[in-house]
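In what follows, a single structure is set out as structure tokens and then discussed.
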Amino acid sequence: MSRVGKLPIKLPSDVSFEVKNNHVTIKGKLGSLEYDLLPGITVEKVENTLQVNRADETKQMRAMHGLSRALIQNMVTGVSEGYEKVLHVIGTGYSGEVIGPWLRLSLGFSHDVMLQIPKGITVEAQPVPRTKGSKADLQSIIRIKGIDKHMVGQFSAETRSVRPPENYKGKGVRYHDEKVVIKAGKAGAK
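Note that this note's numbering has the sequence shown beginning at 40, numbered continuously upward.
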């Protein structure tokens with residue numbers, strides 16, 4: 040059996056689960072998510088847990104078993120707790136702000152980059168106040184929140200890809216816990 044697929048999914052008390060014609064609907068305090076089960080995969084409720092089962096032992100079915108279980112677990116976590124990614128905008132003169140349904144990024148290009156915020160995602164951008172003696176180039180903090188893990192991760196990756204952190208000064212957009220290895224510049228250069 041798949042190591043991931045055989046694990047039961049704990050269902051919090053405020054989350055409801057329903058399956059009709061291989062269509063899973065999970066509702067919680069933050070919203071609801073839906074998923075169509077792959078052929079040969081079934082889900083059953085056993086007390087306060089969900090158990091994902093497969094029809095046979097083929098290699099592809101074992102892979103789909105683990106995938107389906109992971110996606111359903113992400114849905115349960117999303118509707119009960121939600122997901123959040125935090126991005127840091129680093130670089131002098133760089134900034135990020137939310138304007139209606141758009142995220143405006145000023146990242147040193149000749150123009151501002153406008154990214155449309157998908158439905159189901161909330162984005163907050165706040166400038167970092169400068170303190171006396173502060174040498175950090177952190178300009179803005181962008182928080183991307185939502186119940187769908189895929190959408191939150193996808194929009195975070197699109198935002199970061201506008202100006203990924205470069206290796207010499209570390210300027211750009213990076214995840215809050217991302218480590219950027221700074222290379223040494225030319226000898227004698229300042």
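Ideal Cβ placement from N, Cα and C applies to all residues, glycine included.
Fill in: 7 Å Cβ cutoff met for residue 48 and residue 115
Taking the sequence shown and counting its residues from 1, the one referred to as residue 48 is at position 9. Taking the sequence shown and counting its residues from 1, the one referred to as residue 115 is at position 76. Result yes, Cβ atoms of residue 48 and residue 115 sit closer than 7 Å.
*Candidates 169, 46, 219: which alpha carbon is nearest residue 105's?*
The residue you call residue 105 lines up with position 66 of the sequence shown. Taking only the C-alpha atoms, the option nearest residue 105 is 46.
| task | Work out the CA separation of residue 150 and residue 176 for me, nearest whole Å. | result | Looking up residue 176 in the sequence shown gives position 137. Looking up residue 150 in the sequence shown gives position 111. Spanning the two alpha carbons is a distance of roughly 21 Å.
Taking the alpha-carbon of residue 211 as reference, which of 160, 138, 134, 161 has the nearest alpha-carbon? As a position in the sequence shown, residue 211 is number 172, starting the count at 1. With distances taken between CA atoms, residue 211 lies nearest to 134 out of 160, 138, 134, 161.
**Request:** Go to residue 197, then tell me how far its alpha helix (DSSP H) extends in each direction, as first and last residue.
**Result:** Your numbering for residue 197 matches position 158 in the sequence shown. Per DSSP, the continuous alpha helix (DSSP H) segment holding residue 197 begins and ends at 188-201.
* To do: Drop a sphere of 10 angstroms on the beta-carbon of residue 127, count the other beta-carbons inside from all chains shown, and report buried for 16 or more, exposed for fewer.
  => Numbered from its first residue, the sequence shown carries residue 127 at position 88. Buried: at least 16 other Cβ atoms inside 10 Å.
task: Using the Cα positions of residue 193 and residue 200, report the straight-line distance between them to the nearest angstrom.
output: Counted from its first residue, the sequence shown places residue 193 at position 154. Counted from its first residue, the sequence shown places residue 200 at position 161. Roughly 11 Å separates the two Cα atoms.
#### Entry: residue 209 versus residue 121 - alpha carbon distance
Numbered from 1 along the sequence shown, position 170 holds the residue referred to as residue 209. Numbered from 1 along the sequence shown, position 82 holds the residue referred to as residue 121. Between the alpha carbons of residue 209 and residue 121 lies a distance of about 30 Å.
Between which two residues does the alpha helix (DSSP H) containing residue 111 stretch? The residue labelled residue 111 in the question sits at position 72 within the sequence shown. Taken as a continuous stretch (DSSP letters only), the alpha helix (DSSP H) holding residue 111 covers 98-119.
Taking the alpha carbon of residue 113 as the point to measure from, which residue in 95, 80, 213, 43 has its own alpha carbon closest? Sequence index remark: in the sequence shown, residue 113 carries index 74 (1-based). The option with the nearest alpha carbon to residue 113 is 43.
TODO: Alpha carbon to alpha carbon, how far is residue 162 from residue 214? Give it in angstroms, no decimals.
DONE: By one-based count along the sequence shown, residue 214 stands at place 175. By one-based count along the sequence shown, residue 162 stands at place 123. The straight-line gap from Cα to Cα measures roughly 14 Å.
key: Close-in-space but distant-in-sequence residues of the same chain around residue 79 (CB under 8 Å, 5 per side omitted)   = Within the sequence shown, numbered from 1, the residue matching residue 79 stands at position 40. The residues are 93, 94, 95, 100, 103.
Q) Is the Cβ-Cβ distance between residue 167 and residue 118 less than 7 Å? A) Here residue 167 refers to the residue found at position 128 when the sequence shown is read from its first residue. Here residue 118 refers to the residue found at position 79 when the sequence shown is read from its first residue. Their beta carbons are not under 7 Å apart, which means residue 167 does not touch residue 118 by this criterion.
- prompt: Among the residues of its own chain, which have a CB less than 6 Å from the CB of residue 153, if the five just before and after it don't count?
  reply: The residue given as residue 153 occupies position 114 in the sequence shown. A distance below 6 Å between beta-carbons, with the five flanking residues on each side excluded, links residue 153 to the following residues of its chain, in chain order: 141, 143.
(request) Write down the C-beta distance between residue 107 and residue 76 rounded to the nearest angstrom, noting that I regard them as a contact closer than 8 Å. (result) Sequence index remark: in the sequence shown, residue 107 carries index 68 (1-based). Sequence index remark: in the sequence shown, residue 76 carries index 37 (1-based). Separation of the CB atoms of residue 107 and residue 76 is rounded to 6 Å, and the pair is thereby assigned contact status at 8 Å.
query = Of all the options 50, 72, 66, which has the alpha carbon lying nearest to the alpha carbon of residue 87?
reply = As a working note, residue 87 is residue 48 in the sequence shown. When the alpha-carbon of residue 87 is set against those of 50, 72, 66, the nearest one is in 50.
For residue 40, count neighbouring C-beta atoms within 10 Å of its own C-beta (all shown protein chains included) and say buried if the count is 16 or more, exposed if not.
Against the sequence shown, residue 40 aligns to sequence position 1. Its pLDDT being 46, under 50, residue 40 is placed unreliably by the model, and the measurement read from it follows with that caveat. Exposure of residue 40 is indicated by the presence of fewer than 16 other C-beta atoms within 10 angstroms of its C-beta.
Only counting the same chain, and skipping five residues up and downstream in sequence, which positions put a Cβ closer than 8 Å to that of residue 71? Locating residue 71 in the sequence shown gives position 32, counting from the first residue. The residues are 64, 65, 118.
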